[in-house]
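Student: Protein chains in written order, with my numbering: chain A, 1 to 249; chain B, 1001 to 1310.
Have a look at the structure that comes next, please.
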Amino acid sequence: MIWVIARREFVAMFQAPLAWVILAVIQIILGWMFLVNLDRFFQLQPQLMQLENTPGVTDIVVTPLMQLAAIILLMVMPLLTMRSIADEKRNGSLTLLISAPLGMTEIVLGKFLGLMLFVLVLVSMLMLMPLSLYLGTSPDGGKLLSIYLGMLLLLGAFSAIGLYLSSLTENQTIAAVGSFGILLMLWIVDWLSASVDSGQSLLAYLSLLQHHQSLLEGVFDSSDIAYYLLLITGFLGLTIRQLDRERLL
Amino acid sequence: MTEALVQVENLSRYYQNHRAINHLSFTLNAGEVLGFLGPNGAGKSTTMQVISGNLAPSEGEVSIAGHDIIEAPREAKRQIGYLPEHPPLYRDASVDEYLRYCARLHRIARPQVSAAVDRVKAQCGLQENGRRLIGNLSKGYQQRVGIAQAIIHNPPVVILDEPTVGLDPIQIREIRELIRALGSEHSVILSTHILSEVQTTCDRVQIIRAGELIYNASTESLNQGHEVSVRIALRKTVAAEALTAIDGVDHAETLGDGRFRLFFAADASPDSLVISAVEQQWGLYELIPEQQSLEDLFIELTQHEEIAAK
Chain A
1 MIWVIARREF
11 VAMFQAPLAW
21 VILAVIQIIL
31 GWMFLVNLDR
41 FFQLQPQLMQ
51 LENTPGVTDI
61 VVTPLMQLAA
71 IILLMVMPLL
81 TMRSIADEKR
91 NGSLTLLISA
101 PLGMTEIVLG
111 KFLGLMLFVL
121 VLVSMLMLMP
131 LSLYLGTSPD
141 GGKLLSIYLG
151 MLLLLGAFSA
161 IGLYLSSLTE
171 NQTIAAVGSF
181 GILLMLWIVD
191 WLSASVDSGQ
201 SLLAYLSLLQ
211 HHQSLLEGVF
221 DSSDIAYYLL
231 LITGFLGLTI
241 RQLDRERLL
Chain B
1001 MTEALVQVEN
1011 LSRYYQNHRA
1021 INHLSFTLNA
1031 GEVLGFLGPN
1041 GAGKSTTMQV
1051 ISGNLAPSEG
1061 EVSIAGHDII
1071 EAPREAKRQI
1081 GYLPEHPPLY
1091 RDASVDEYLR
1101 YCARLHRIAR
1111 PQVSAAVDRV
1121 KAQCGLQENG
1131 RRLIGNLSKG
1141 YQQRVGIAQA
1151 IIHNPPVVIL
1161 DEPTVGLDPI
1171 QIREIRELIR
1181 ALGSEHSVIL
1191 STHILSEVQT
1201 TCDRVQIIRA
1211 GELIYNASTE
1221 SLNQGHEVSV
1231 RIALRKTVAA
1241 EALTAIDGVD
1251 HAETLGDGRF
1261 RLFFAADASP
1271 DSLVISAVEQ
1281 QWGLYELIPE
1291 QQSLEDLFIE
1301 LTQHEEIAAK
């Protein structure tokens, strides 16, 4: 059942031009940045040769590329998630799902899984660029895997937050602005922590960036994974609760 | 003994402090087409939404084929096909795609999906439109897709909320025929504020006003058992007393211009009137039987109480 909804969600995204445009724009910009980073690597290469314990091609080319990708997607994901539930509400087609013999959990998980399928396509396409490095050099496979996982978890968290905001309103724009606000807040929440002592570690723990950074550097810390999984389950739970509550209003 | 498929007991529903339904109780029997009638804002749509599980009741119980809509929502929803006021369509999907999706949502096993889609397309006259995008279909065809969606899993109960709103007269007639055809296989609850629709398609009619049930009877009994009245026009000037003298006429009402309305006793027939008219050469040139229509009843019931309330 979850799969039926997920597939419909995935197909619907590609029936509208938005998904194609987003994929194309991201691919072009990041392709260009990949080239820029690669160029920098060639310039740095002679100096790196003389150092011991040097950063490899993965650190110099792929990690900054994915940092940039994360920032761009922070702005783009709300556009993808905004229509998910808000549009169905406005359209009246949410009734179709609620009248079918399904639980709210199945509906929300189906929606989320549909978004994750799109994320999988998106991240896999981005990862083709680092993988192309295998043609000329030998990047760190373990790090690439960690980066891939990091991107999936980060975008999973973006999707869950976006889905929740989309369930709060009938208006897509409000959903997009709202989820963009929350994502950005979670991004910059630790910027204060240098000067404010109290709650420093808490704010740092809340930051989306901190956890993503360690995965990008190839550090696989289970607390980072737990952070993302908690964030995803939390917001999916809130979405289910919100939709259930609406039947009572 | 007919089995009650839908049982609504003491149902109330509040929107904040506004009471949309007030202690409503009724049942829908198997194989029955029930017309749900009421002025705008009477609580028709709210009732339908509660029965279909889209809104939670504030008070009272709804059970469908013995399954409570709150305690066993999945089993209950499996028994229902629901067409809301605005058909829940995906404009950018084709009719086939959409119906296949609905079939899967209603847990029709994958191998049976195509057969189910073909069946409802034939029932709703959509055979030619399978590959067209729903957004490009006319309103009437979109409505048909909405109905097809409601019956794809062959539910015992079909709930249609104002299915003919916004259609042209030919489409309305087609949809009504479709609903009548549905009545032979499913139990149908039909909400509308079009009175002739109820008279032509329903077995039973319920009128609600301000969330309360104020009338409940079979449409058959509505068509009979009331006073029979006839409107006549005469060329000659005749006194009303002469008319009341005729056998079977209860009383006459003068409408002016040689026109009268005659009220007959319940089972009398107006032939005595015709005989006297011919014998005395009144120049009878118009004879129109008048039935107390649903419309009169509706207006009487809904207006009367409004006046009483003031």
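All C-beta atoms in this analysis are idealised placements derived from N, C-alpha and C, irrespective of residue type, glycine included.
None of these values were measured; they are calculated from a predicted model.
Would you mind stating whether GLN1016(B) and TYR1098(B) have Cβ atoms separated by less than 9 angstroms?
Tutor: no
Student: Would you kindly work out how many angstroms separate the C-alpha atoms of ALA176(A) and LEU1195(B), rounded to a whole number?
Tutor: Those two C-alpha atoms are separated by around 45 angstroms.
Student: So which residues on chain B does ALA100(A) lean against when the C-beta distance must stay under 7 angstroms?
Tutor: LYS1077, LEU1105, HIS1106
Student: Nearest to ILE1080(B) by CA position, among ALA1115(B), ILE1147(B), HIS1086(B), is which residue?
Tutor: ILE1147(B)
Student: Who are the neighbours of LEU97(A) on chain B, taking C-beta pairs under 9 angstroms?
Tutor: PRO1088, LEU1105
Student: Could you tell me the distance, in whole angstroms, from the CA atom of ASP244(A) to the CA atom of ARG1107(B)?
Tutor: 22 angstroms
Student: Does TYR134(A) pass the burial test, meaning 16 or more other C-beta atoms within 10 Å, or should it be called exposed?
Tutor: exposed
Student: Mark ASP39(A) as exposed unless 16 or more other C-beta atoms lie within 10 angstroms of its C-beta, in which case mark it buried.
Tutor: exposed
Student: Would you say ILE5(A) faces chain B, with C-beta separation under 9 angstroms as the test?
Tutor: yes
Student: Along chain A, which residues have their Cβ under 7 angstroms away from the Cβ of SER1052(B)?
Tutor: Here the neighbours are SER99.
Student: Taking DSSP as the reference, what is the three-state secondary structure of ASN1029(B)?
Tutor: DSSP places ASN1029(B) in the strand class (E or B) of the three-state scheme.
Student: According to DSSP, is LYS1310(B) part of a helix, a strand, or is it coil?
Tutor: Any reading at LYS1310(B) is ruled out, since the residue's pLDDT is 48, under 50, leaving its predicted position unreliable.
Student: Put ILE1080(B) into one of helix, strand or coil per three-state DSSP.
Tutor: strand
Student: What's the call for PHE112(A), buried or exposed, on a 16-neighbour Cβ count within 10 Å?
Tutor: buried
Student: For PRO1039(B) and chain A, any beta-carbon pair shorter than 9 angstroms?
Tutor: Among the CB atoms of chain A, none fall inside 9 angstroms of the CB of PRO1039(B).
Student: Can you grab the Cα-Cα spacing for the pair GLN1143(B) / LEU1028(B), in whole Å?
Tutor: Going by C-alpha positions, GLN1143(B) is about 24 angstroms away from LEU1028(B).
Student: Between the stretch 1108-1121 of chain B and the stretch 1069-1080 of chain B, do three or more beta carbon pairs fall short of 8 angstroms?
Tutor: no
Student: In this structure, what does DSSP give as the bridge partners for ASP1288(B)?
Tutor: Per the sequence presented here, residue 1288(B) reads as Ile, with Asp not at that position. Beta-bridge pairing links ILE1288(B) to ARG1231(B).
Student: For PHE1260(B), write down the residues that DSSP places opposite it in a beta bridge.
Tutor: ILE1232(B), THR1254(B)
Student: In the DSSP assignment, what residue or residues form a beta bridge with LEU1213(B)?
Tutor: ILE1208(B)
Student: Going by C-alpha distance, which of LEU152(A), VAL76(A), ILE107(A), PHE41(A) is nearest MET127(A)?
Tutor: Taking only the C-alpha atoms, the option nearest MET127(A) is LEU152(A).
Student: Let me check understanding here. Comparing Cα to Cα, which of PRO55(A), LEU165(A), ILE225(A), ALA70(A) lies closest to GLY181(A)?
Tutor: Of PRO55(A), LEU165(A), ILE225(A), ALA70(A), the residue nearest in Cα terms is LEU165(A).
Student: Which chain B residues are close to ARG15(A), counting only those with a beta carbon under 8 angstroms from its beta carbon?
Tutor: The identity of residue 15(A) in the sequence shown is Gln, whereas the question assumes Arg. Residues of chain B passing the Cβ test: ASP1092, ALA1093.
Student: Hey, would you say SER159(A) sits closer than 9 angstroms to MET66(A), going by beta carbons?
Tutor: no
Student: Mind pulling the chain A residues with CB within less than 8 angstroms of ARG1074(B)?
Tutor: PRO101, LEU102, GLY103
Student: Could you tell me whether the Cβ atoms of ILE1172(B) and THR1302(B) are closer together than 9 angstroms?
Tutor: no
Student: Going by alpha carbons, who is nearest to ALA100(A) out of ILE1152(B), ARG1231(B), ILE1170(B), LEU1284(B)?
Tutor: ILE1152(B)
Student: With 16 other CB atoms within 10 Å as the buried threshold, where does PHE42(A) fall?
Tutor: exposed
Student: Have a look at GLN1280(B) and LEU1273(B) and give me their C-alpha separation to the nearest angstrom.
Tutor: 11 angstroms
Student: Count the other CB atoms within 10 Å of the CB of PHE1026(B); is the residue buried (16 or more) or exposed (fewer)?
Tutor: buried
Student: Are LEU109(A) and ILE72(A) close, meaning C-beta to C-beta below 9 angstroms?
Tutor: Not a contact, by the Cβ cut-off of 9 angstroms.
Student: Out of ARG1209(B), PHE1264(B), SER1063(B), which one is the CA nearest neighbour of GLU1300(B)?
Tutor: ARG1209(B)
Student: Could you check the C-alpha separation between GLU1241(B) and VAL1198(B) for me, to the nearest Å?
Tutor: 39 angstroms
Student: May I have the straight-line CA-CA distance separating SER1191(B) from ILE225(A), to the nearest angstrom?
Tutor: Looking at the two C-alpha atoms, the distance is approximately 52 angstroms.
Student: Look at the alpha carbon of GLN210(A) and the alpha carbon of ARG1104(B), and state the distance between them as a whole number of angstroms.
Tutor: Taking the straight line joining both Cα atoms gives about 42 angstroms.
Student: Taking 6 angstroms as the limit between beta carbons, can you name the residues of its chain near VAL119(A), skipping five residues before and five after?
Tutor: Excluding sequence neighbours, VAL119(A) sits near LEU155.
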